[in-house]
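Take a look at the structure below.
Numbering (full-length UniProt numbering), first residue to last: 1 to 140.
Written as structure tokens, this is what we have:
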């Protein structure tokens, strides 16, 4: 099922060959965020995906958003200190007050041009007003 959607998980893609969407976050994996086996801690990876989805949501909603949920989080390949990560996001659904963004984490080793697919998740973001209450997402 390479590069296609699963019927039960329409946003899940197995081993994509190229990133989908726009880059919303680039950062470096640091040794301070390692787990006990020497790879990047899964919670750190999830946080980076959440930050990217928040930035994508802010741009689409033209204002503040908050994370309402995460679906289909998959850590496909371990990340090591020194890896440069790029997180791509694209909207898969826009509702009245909420949006779903497919996030993809791609990484490269220092000195390597090739990006490797490492993780993905679908984040549900809700547009909020200054009081933290849901507000309408502007049309396209």
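Where a beta carbon is used, it is the ideal one built from N, C-alpha and C, also for glycine.
Measuring straight from C-alpha to C-alpha, what distance separates residue i and residue j?
i	j	result
residue 113	residue 133	43 Å
residue 90	residue 65	15 Å
residue 77	residue 119	7 Å
residue 125	residue 139	16 Å
residue 111	residue 50	27 Å
residue 104	residue 59	17 Å
residue 41	residue 106	16 Å
residue 137	residue 93	12 Å
residue 130	residue 81	38 Å
residue 142	residue 121	In the structure as shown, the chain begins at 1 and stops at 140. Residue 142 is therefore absent and cannot be evaluated.
residue 18	residue 117	8 Å
residue 32	residue 48	15 Å
From the DSSP output, which residues share a beta bridge with residue i?
i	result
residue 127	65
residue 71	122
residue 34	40
residue 188	Within the shown structure, residues of the chain are numbered from 1 to 140, placing residue 188 beyond reach of any answer.
Relative to the alpha-carbon of residue i, which residue among the options has its alpha-carbon at the smallest distance?
i	options	result
residue 74	98, 59 and 46	46
residue 70	84, 137, 98 and 17	98
residue 84	131, 27 and 101	27
residue 21	108, 67 and 53	53
residue 214	102, 86 and 121	There is simply no residue 214 to check, as the chain begins at 1 and stops at 140 in what is shown.
residue 55	108, 95, 117 and 88	88
residue 37	79, 68, 57 and 25	79
residue 128	109, 67 and 100	67
residue 29	122, 109 and 57	109
residue 135	43, 123 and 63	63
residue 72	102, 23, 95 and 16	102
The beta strand (DSSP E) spanning residue i covers which residue range?
i	result
residue 91	84–94
residue 104	98–108
residue 25	22–28
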